[in-house]
Amino acid sequence: NAGVTQTPKFQVLKTGQSMTLQCAQDMNHNSMYWYRQDPGMGLRLIYYSASEGTTDKGEVPNGYNVSRLNKREFSLRLESAAPSQTSVYFCASSEDGNQPQHFGDGTRLSIL
Amino acid sequence: EDKVVQSPLSLVVHEGDTVTLNCSYEVTNFRSLLWYKQEKKAPTFLFMLTSSGIEKKSGRLSSILDKKELFSILNITATQTGDSAIYLCAVELPGTYKYIFGTGTRLKVLA
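If you're matching them up, the sequences are chains A and B in order. Residues 1 to 112 in my numbering are what the first sequence lists, from first letter to last. Residues 113 to 223 in my numbering are what the second sequence lists, from first letter to last.
Below you can see the structure in the form of structure tokens.
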């Protein structure tokens with residue numbers, strides 16, 4: 001049982017490049033989330049999707065877009081990467097809101 | 113502003129010690145508070161607390177919530193080197209799907 005799978009695990013980009021981080025869950029969860037984790041800042045919510053077909057902004061949405069492609073998949077796109085977006089990105093899912101979230105192993109993203 | 117503060121920021125103990133990690137929050141009327149353990153990669157779920165005064169236990173770990181005083185504690189007894197990790201606390205914003213995370217407590221257990 002894979003749980004939450006994120007790809008890629010590592011990526012280095014140049015400023016201005018775009019890329020999409022992929023996330024898929026196999027637990028039939030309704031809700032999915034994208035977080036970033038920076039030293040001394042804890043986990044901060046970027047976007048979330050309460051259910052298939054809906055998305056909403058979290059604490060730090062600027063510079064990002066998301067797509068809830070279907071119930072399983074929730075992708076995060078950086079249109080024009082900036083050094084401030086260097087971080088570790090985590091995807092998570094939960095059965096519904098107010099339920100424990102299950103996290104993927106993260107994507108370490110560096111922007112030069 | 114909604115805020116979750118964890119203390120201490122870091123802690124070094126020896127195997128066999130008991131530790132108490134604190135999580136205080138400035139969020140009212142939330143439904144749940146969660147504790148996670150993060151080793152090298154993904155945070156893993158430990159406890160979900162929804163009611164004040166009811167202790168949850170799992171082996172050597174236990175946690176309790178005080179909604180009146182707005183804090184929660186996570187206790188680990190007879191610590192082992194495998195308990196070395198960052199422990200994260202998160203509180204749900206009322207009526208949303210959003211959780212606010214604290215910055216975590218980094219625990220190191222020495223053999």
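Idealized CB from N, CA, C, for every residue including glycine. As the structure is a computational prediction, the values presented were derived from the model and not from experiment.
- Query: Does the beta-carbon distance from residue 137 of chain B to residue 203 of chain B come in below 8 Å?
  - Reply: yes
- Going along the chain, which residues of its own chain have a beta-carbon closer than 8 Å to the beta-carbon of residue 206 of chain B, five neighbours each way excluded? 139, 140, 141, 142, 143
- Name the chain B residues that come within less than 8 Å of residue 43 of chain A, Cβ to Cβ? 155, 200, 202, 213
- Task: Could you have a look at residue 84 of chain A and say whether DSSP puts it in helix, strand or coil?
- Result: helix
- Item | From B:151, B:146, B:128, residue whose alpha carbon lies closest to that of residue 97 of chain A | Between residue 97 of chain A and the set B:151, B:146, B:128, the nearest pair of CA atoms involves B:146.
- Item | Cβ-based burial, residue 93 of chain A [other Cβ within 10 Å; buried from 16] | By the neighbour-count criterion, in which 16 or more other beta carbons inside 10 Å mark a residue as buried, residue 93 of chain A falls on the buried side.
- Item | Closer than 7 Å at the beta carbon, the chain C residues around residue 144 of chain B | Absent here is chain C; the protein component of the structure consists of chains A and B.
- Task: Please confirm if residue 171 of chain B has its CB atom under 8 Å from at least one CB of chain A.
- Result: With 8 Å as the cut-off, residue 171 of chain B does not count as an interface residue toward chain A.
- Task: Give me the Cα-Cα distance between residue 163 of chain B and residue 99 of chain A, rounded to the nearest whole angstrom.
- Result: 14 Å
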